[in-house]
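4 protein chains.
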Amino acid sequence: MKKDTKEVIVAASIHLFNVNGFHGTSIRDIAGKAKVNPANIAYYFENKHGLLEHCFTIFFERYVEEIEKGFAFIEQGASVCLKKIAENIMFFQFENLHLTRLILREISIDSQIVREIMSTYLTKERFYFNRVIERGMKTKEFCHVNADYITLQLKGLLNMPFLNTHYLSEVLHVLPNEKYFAEKYIKEVYKWIDGVICKNEYERAYLAVNY
Amino acid sequence: MKKDTKEVIVAASIHLFNVNGFHGTSIRDIAGKAKVNPANIAYYFENKHGLLEHCFTIFFERYVEEIEKGFAFIEQGASVCLKKIAENIMFFQFENLHLTRLILREISIDSQIVREIMSTYLTKERFYFNRVIERGMKTKEFCHVNADYITLQLKGLLNMPFLNTHYLSEVLHVLPNEKYFAEKYIKEVYKWIDGVICKNEYERAYLAVNY
Amino acid sequence: MKKDTKEVIVAASIHLFNVNGFHGTSIRDIAGKAKVNPANIAYYFENKHGLLEHCFTIFFERYVEEIEKGFAFIEQGASVCLKKIAENIMFFQFENLHLTRLILREISIDSQIVREIMSTYLTKERFYFNRVIERGMKTKEFCHVNADYITLQLKGLLNMPFLNTHYLSEVLHVLPNEKYFAEKYIKEVYKWIDGVICKNEYERAYLAVNY
Amino acid sequence: MKKDTKEVIVAASIHLFNVNGFHGTSIRDIAGKAKVNPANIAYYFENKHGLLEHCFTIFFERYVEEIEKGFAFIEQGASVCLKKIAENIMFFQFENLHLTRLILREISIDSQIVREIMSTYLTKERFYFNRVIERGMKTKEFCHVNADYITLQLKGLLNMPFLNTHYLSEVLHVLPNEKYFAEKYIKEVYKWIDGVICKNEYERAYLAVNY
DNA sequence: TATGAATGAGTTTTCATTCAT
DNA sequence: GATGAATGAAAACTCATTCAT
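Same order as they appear, the protein sequences are chains A, B, C and D.
Going by my numbering, the first sequence opens with residue 1, and the numbers climb by one from there.
Going by my numbering, the second sequence opens with residue 1, and the numbers climb by one from there.
Going by my numbering, the third sequence opens with residue 1, and the numbers climb by one from there.
Going by my numbering, the fourth sequence opens with residue 1, and the numbers climb by one from there.
Next comes the structure, spelled out in structure tokens:
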């Protein structure tokens, strides 16, 4: 009858982990919200940690996928490609608001699981970003930059809206699940790409005119 | 006799809340680390939540102070002032690494306390940032931008290193408490200010030559 | 396996709440006496208060039942019926000595639960007593009395032996669980009914002779 | 400055013991209400139990005194005297509502202190009641009764209003501190004395006429 | 006489987990 | 697959008491 027990558990746990944090959520809370018996969690995920790990996996599988989908645009230029990657990440994260916030928060805790899982996905993420940025520098699209620092900043920009819920709702008066906001915000990220790593159009114009 | 009981509790709790998260830290852990009796926590802070609130207060009092100290440079130009504010925040956060990470993580949880405390400090923060940015736009130092979006991005950049510990240690091979890193990272923030909100020097040069 | 866990908890709690009072009894005491795990109390009754509420319910369900069983004698006359009700209450309370004393003590504390539970049962109790007394006055069996005041006094008489344990044991040298005492005491209550609310037999005789 | 520290502690403890019960009241609650330092309670009463004992003493000293004051009327007849004693007890208890309820509740708990204190005062109480009742029987004012049983019933009637707060407020719509109620209720007690232990006037009239 | 700090033992409650069904 | 009962460990919190000042 209930063949989706596993899914409802995951959905409930994502929501509750996001709202109360991992430690702040009890297995009974999750089972209660999912309307299943708490023992099912042990059945499907071995224990509470297994459930969190599952959430991590769900997130990062898709996260890397989105980067890869964006990276496919590499032949259209580094700038286009980087923007595409940023856009993909942004929309993916907006569509998985709770999961994203939960992951971003939990990775700031220096635990065993986090370290293990991160080392895998971080390597992949770094691989693609470095490729794009190095390509951009080769083709003179980008200024000379430190790829890792640039990646860190880009991640900062992309994650900000999910970690600063209050700022969004109380200052910008935006609910972060409004697609309108995602569309507006990604423009700001484009501006950053253009302004900070791309050789500026004025610079190019100036150089063209004077040399 | 021991008049510093309160302080050692706070210090221990900041460290442990940061490492294990608020819910992941027990009162006994804190008391153990601080080498005091667990009942003292109730005595001084009423309960565990009170201790967290105290950490919030400590952080935001200083945070706003740093913004104010930077804002005093407003007469030297909006760009100088904004950089000064960013620098102050950055160094303050680097000097209070654990506390900062703890606060940045906890404010992403939408709890009662967070909402109350945030509404106070967010207003102050917004006030100063808007003042600087509007001033910059008036004096033509800055392009026409949306002050609140710019602030959000700046916060994103400033907070990133504290939330992505793994990235720092495993990709950049930096321990975030190395002052060298703070000095390097703030330069990147300057670049962002110059590249994204300041009218670019090439732009100014180009415009000067051609018109 | 042990399907009577709930019952043994209730039995143990009634005994201990009676002896030491509600606040004077710890969950551990109860679990110890019942030879079950303390967590079962939370499992079955949510918390310590829930257990007390359960005791209240047990008591008043039966209490009202006894009144109803006595009220069935209404057609045999108000005096007979009132005595039957009193007798039923008395023997029920004697058979549930600990529970009765516990309840009588706890209802004197003006708490939330007490108020809620009492409002339900008090209404029922009042309904039956008023019916009997009004009937008695209609048929001239009873003098003209205030039903509510009479009920209060009757309750006072019926409850006294349970609240004054010392008086019983040290003055009357009776253990209140001796059935002999209940049988003797109910006679005194009958006398009160005859002497205070029934038109006295001498009165009737006197009136019969002289008018 | 505050020479009444002891008194305010007692007053606060009477109120709180009444509302929450002895075990339900903490020393800090009392100190808080009395606006004194908790350590004062240990200073003046040795410990929490000492404070309760003090309350018992206050109550029973006065209680016995009131009985003695009523007993002084013995020469005016047993009935008058017994009514006077009942009246004194009733008004004393009404004037010390909280204390009375607290005492009546706590004596139903079979503790060490209670037993010790009770044995003293119970003896005195019994002495006076037995004297009056025996006198009444000698002078033919009273029927032949068991003095101890009568005393128990009288105590039941006198204590009822203090133990059934809910009945008073929700059924009789009386706040038990309204003096009007005390005056009305004592009349009911007189009726009981007249109806149950005094040879009835009709009885006397009947006997006078017929023999 | 009065107090603030501190403590250790004890309280209720929560929780992840196990297990027989 | 799924459940209700049960548990042991640990959590947060309470509290009477002590003590130096």
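Here a beta-carbon is modelled for each residue, glycine too, at the ideal position from N, C-alpha and C.
*asked:* Please report whether the beta-carbon of B:Tyr149 lies at a distance below 7 Å from any beta-carbon of chain A.
replied: Yes, its Cβ sits closer than 7 Å to a Cβ of chain A.
*Going by C-alpha distance, which of B:Tyr43, B:Phe45, B:Gly50 and B:Ile103 is nearest B:Arg62?*
Nearest of B:Tyr43, B:Phe45, B:Gly50 and B:Ile103 to B:Arg62, Cα basis: B:Ile103.
_C:Ala72 - containing alpha helix (DSSP H), residue span_ = In the DSSP annotation of this structure, C:Ala72 is not part of any alpha helix (DSSP H), being labelled neither H nor E.
*Relative to the C-alpha of B:Pro161, which residue among A:Ile85, A:Thr151, A:Leu168 and A:Tyr167 is closest?*
Among A:Ile85, A:Thr151, A:Leu168 and A:Tyr167, the Cα nearest to that of B:Pro161 is on A:Thr151.
*Could you tell me whether the Cβ of D:Gln76 comes closer than 7 Å to any Cβ of chain C?*
Not a single CB atom of chain C sits nearer than 7 Å to the CB of D:Gln76.
*Tell me, please, whether the segment 126-140 of chain B touches the segment 64-72 of chain B by the rule of three or more beta-carbon pairs shorter than 8 Å.*
Counting C-beta pairs with one atom in each stretch, the segment 126-140 of chain B and the segment 64-72 of chain B have three or more that are closer than 8 Å, which means they touch.
*asked:* Any beta carbon from chain C within less than 7 Å of D:Phe108's own beta carbon?
replied: The residue asked about is misnamed: residue 108 of chain D is Ser in this sequence, not Phe. So, interface residue.
_Quick check: what's the CA-CA separation for B:Cys55 versus B:Glu106?_
Roughly 11 Å separates the two Cα atoms.
*Classification of C:Thr100 by the beta-carbon crowding that lies within 10 angstroms, buried from 16 upward*: Counting the other CB atoms within 10 Å of its CB gives C:Thr100 a total of 16 or more, which places it among the buried residues.
_Using a Cβ distance threshold of 8 Å, determine whether the segment 115-125 of chain B contacts the segment 105-124 of chain A, with at least three qualifying pairs required._
Contact between the segment 115-125 of chain B and the segment 105-124 of chain A is absent, because fewer than three Cβ pairs lie under 8 Å.
*Skipping 5 residues on each side, what residues in its chain have a beta carbon closer than 6 Å to that of A:Asp29?*
For A:Asp29, where only same-chain residues beyond five positions count, the Cβ hits under 6 Å are Leu16.
_Measuring only the C-alpha atoms, how far is D:Cys143 from C:Leu52?_
Taking the straight line from one Cα to the other gives about 44 Å.
*asked:* Classify D:Gln153: buried if its beta carbon has 16 or more other beta carbons within 10 angstroms, exposed otherwise.
replied: Label assigned to D:Gln153: buried.
*Should C:Val196 and C:Leu157 be called a contact, given that it needs their Cβ atoms to be closer than 7 Å?*
Taking C-beta atoms as the reference points, C:Val196 and C:Leu157 fail to come closer than 7 Å.
*asked:* Considering just the uninterrupted stretch of the alpha helix (DSSP H) at C:Leu223, what are its terminal residues?
replied: The requested residue 223 of chain C does not occur in the structure, where chain C is confined to residues 1 to 211.
*asked:* Quick check: is the beta carbon of A:Met223 nearer than 7 Å to any beta carbon in chain B?
replied: Lying outside 1 to 211, the shown extent of chain A, residue 223 of chain A is not represented and no answer is given.
*DSSP three-state call for C:Cys143: helix, strand or coil?*
The DSSP-derived three-state label of C:Cys143 is coil.
*Cβ of C:Val174 less than 7 Å from any chain D Cβ?*
C:Val174 does not count as touching chain D.
_On the CB-based measure, 16 or more other CB atoms within 10 Å of its CB, does D:Tyr43 come out buried or exposed?_
Exposure of D:Tyr43 is indicated by the presence of fewer than 16 other C-beta atoms within 10 angstroms of its C-beta.
*asked:* Quick check on B:Gln93 - is its C-beta less than 7 Å from some C-beta in chain A?
replied: For B:Gln93, no CB of chain A lies under 7 Å from its own CB, so it is not counted at the interface with that chain.
*Pull up the distance between the alpha-carbon of B:Ile186 and that of B:Lys83, whole angstroms please.*
Taking the straight line from one Cα to the other gives about 9 Å.
_Whether B:Ala31 touches B:Val8 by CB criterion (7 Å)_ = The answer is no: Cβ separation not under 7 Å.
_B:Cys55 - partner residues in DSSP beta bridges_ = Note: B:Cys55 sits in no beta bridge, so no partner.
*If you measure from the beta carbon of D:Thr57 to each beta carbon in chain C, is any gap under 7 Å?*
By this cut-off, D:Thr57 is not an interface position.
_Taking 7 Å as the threshold (beta carbon to beta carbon), is A:Ser13 in contact with chain B?_
No Cβ of chain B is located within less than 7 Å of the beta carbon of A:Ser13.
_C:Met1 - DSSP class collapsed to helix/strand/coil_ = Residue placement at C:Met1 is flagged as unreliable, the pLDDT there being 44, under the threshold of 50; a coordinate-derived value is accordingly withheld.
*Going along the chain, which residues of its own chain have a beta-carbon closer than 7 Å to the beta-carbon of A:Met1, five neighbours each way excluded?*
Unreliable placement is indicated for A:Met1, whose pLDDT of 45 sits below 50; the coordinate value is still reported in the next sentence. If we look at A:Met1 and ignore the five residues flanking it on each side, it has no Cβ neighbours.
_Could you check whether the Cβ of B:Met90 sits closer than 7 Å to any Cβ belonging to chain A?_
Interface annotation, B:Met90: not in contact with chain A, CB-CB separation never under 7 Å.
*Does D:Arg101 have its Cβ less than 7 Å from a Cβ in chain C?*
D:Arg101 counts as touching chain C.
*CA-CA distance, C:Asn20 and C:Leu97?*
The alpha-carbon atoms of C:Asn20 and C:Leu97 are separated by roughly 15 Å.
*Tell me C:Cys198's beta-bridge partners as DSSP assigns them.*
The partner list for C:Cys198 (beta bridge, DSSP) reads C:Phe142.
*Go ahead and label C:Ser79 buried or exposed: buried means 16 or more other beta carbons lie within 10 angstroms of its beta carbon, across all protein chains shown.*
Burial call: buried.
*Using the Cα positions of B:Glu170 and B:Lys179, report the straight-line distance between them to the nearest angstrom.*
CA-CA distance, B:Glu170 to B:Lys179, rounds to 18 Å.
*Nearest-angstrom Cα separation, counted from A:Asn18 out to B:Lys48*: B:Lys48 and A:Asn18: Cα-Cα distance of roughly 21 Å.
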